[in-house]
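These notes concern the structure reproduced below.
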DNA sequence: CGGAATTAGTTGCATAACTAACTATATGCC
DNA sequence: GGCATATAGTTAGTTATGCAACTAATTCCG
């Protein structure tokens, strides 16, 4: 039991992810100030589509660590905002491929810059090596708790 | 600009706090399996009250990194479950002091043990030094983005 | 071939989050 | 003393999450 000594008094912030919440809140605020009316969650879906357009909803689930209902509704709302379009796959009619619209492509550069800037503020005064350690720990935690199918 | 090189491709998991989400989901599942019918968010409020009973709602806000409406409803729901009681302060009638009930005190040991166990699973194979670095980074991120009033 | 099992996505329900606007009490200052 | 301001908490509205139950299309396999 190597972590018996883990202090109970420090559990909570680890569990709630206060840091990631703070980053998300700041970024959301920056979007709003710039007149960009999307939520962080919607943005995070667009983020994966900017990396690779035309993903299935299932693929969006695994890449964004969300369950299917969450993606269904996020895509619903993004469709209402005319930022994405569902296109049924021709090979497999169960599958919806999600495509960016022109309007969404216009948001890419500005919002990614804002996200980078927000992360720079968040990480001000943190050593690069420590960031790498932190990311590795978080990835390991995720892997430890996520059973491989 | 020391973090210009921060990779965009790694932004997302940092922002969403996938690791803390995974920990919370696992703990929630463990509660359910043990027949404990409270949410992680409700538990996190109890957690602060176990450390110090009779906090004001405002104090619960700052300790749990939540805003006032969130605490209002969490305390509402905990009151419905008969786990806490609001008691108006005698010195300042605007203030509600929140007290644990006997039923809540009974939950303390079992749920804290489950939380510790879940964290041990989560941190399996992670060096203690790295955990400390990770916590320090997350704290710094939080501090960087949270203006001191 | 055809029924069972799997996979993709949707819907319903409960809880929780954030913002903004609100009430009530307390404090500060002229 | 009395009005302006600040603080504690609540309410309303929108969005998001998790779980469970559901439909529709596909694949597996006897």
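Residue numbers (our numbering), protein chains in the order written: chain E, 833 to 981; chain W, 833 to 981.
Heads up, the beta-carbon is just placed ideally off N, CA and C, and yes, glycines get one too.
Only a predicted model underlies this, so the values are computations on that prediction, with no experimental measurement involved.
- Taken atom to atom, the span from the alpha-carbon of residue 929/W to that of residue 974/W is near 27 Å.
- For a cut-off of 8 Å, the C-beta gap from residue 848/W to residue 897/E is around 6 Å, short enough to register as a contact.
- At a Cβ-Cβ threshold of 8 Å, residue 872/E and residue 851/E do not count as neighbours.
- The straight-line gap separating the alpha-carbon atoms of residue 884/E and residue 907/E is approximately 16 Å.
- In this model, residue 939/E and residue 947/E are separated by some 12 Å (Cα to Cα).
- In the structure shown, residue 915/W adopts coil according to DSSP, grouped into three states.
- The beta-carbon separation of residue 916/E and residue 932/E, rounded to 6 Å, stays under the 8 Å limit for a contact.
- Taking 8 Å as the upper bound on Cβ-Cβ separation, chain E lies near residues 848, 849, 850, 851, 852, 853, 854, 855, 856, 857, 858, 859 and 872 of the region 848 to 875 of chain W.
- For residue 931/E, the pairing in a beta bridge is given by DSSP as 917/E.
- Residue range 850 to 865 is occupied by the alpha helix (DSSP H) that includes residue 857/W.
- The three-state reading of DSSP puts residue 944/W in helix, counting H, G and I together.
- The three-state reading of DSSP puts residue 887/E in strand, counting E and B together.
- Per DSSP, the continuous alpha helix (DSSP H) segment holding residue 977/W begins and ends at 960 to 977.
- Residues of the region 951 to 980 of chain E whose Cβ lies closer than 8 Å to any Cβ of chain W, in chain order: 951, 952, 953, 954, 955, 956, 957, 958, 960, 962, 963, 965, 966, 967, 968, 969, 970, 971, 972, 973, 974, 976, 977 and 978.
- Between the alpha carbons of residue 875/W and residue 923/E lies a distance of about 46 Å.
- Around the CB of residue 976/E, 16 or more other CB atoms lie within 10 Å, so the residue is classed as buried.
- At the C-beta level, residue 962/E and residue 969/W come within 8 Å of one another.
- Cβ-Cβ distances below 7 Å link residue 955/W to 963 in the same chain, with the five nearest sequence neighbours on each side left out; the list follows chain order.
- If you draw a straight line from the Cα of residue 919/W to the Cα of residue 913/E, it comes to about 45 Å.
- By the criterion of a C-beta distance shorter than 8 Å, residue 960/W is surrounded by no residue of its chain, once the five residues flanking it on both sides are discounted.
- Ranked by Cα distance from residue 944/W, the first of 867/W, 863/W and 925/W is 863/W.
- Cβ-Cβ distances below 8 Å link residue 942/W to 866 and 868 in the same chain, with the five nearest sequence neighbours on each side left out; the list follows chain order.
- The C-beta of residue 854/E has 16 or more other C-beta atoms within 10 Å across all chains shown, which makes the residue buried.
- For the pair residue 967/W and residue 921/E, the Cα-to-Cα distance works out to about 44 Å.
- Residue 895/E carries a helical assignment under DSSP once its states are collapsed to helix, strand and coil.
- In the same chain as residue 950/E, and ignoring 5 residues on each side of it, the C-beta atoms closer than 8 Å to its own belong to 855, 858, 859 and 862, in chain order.
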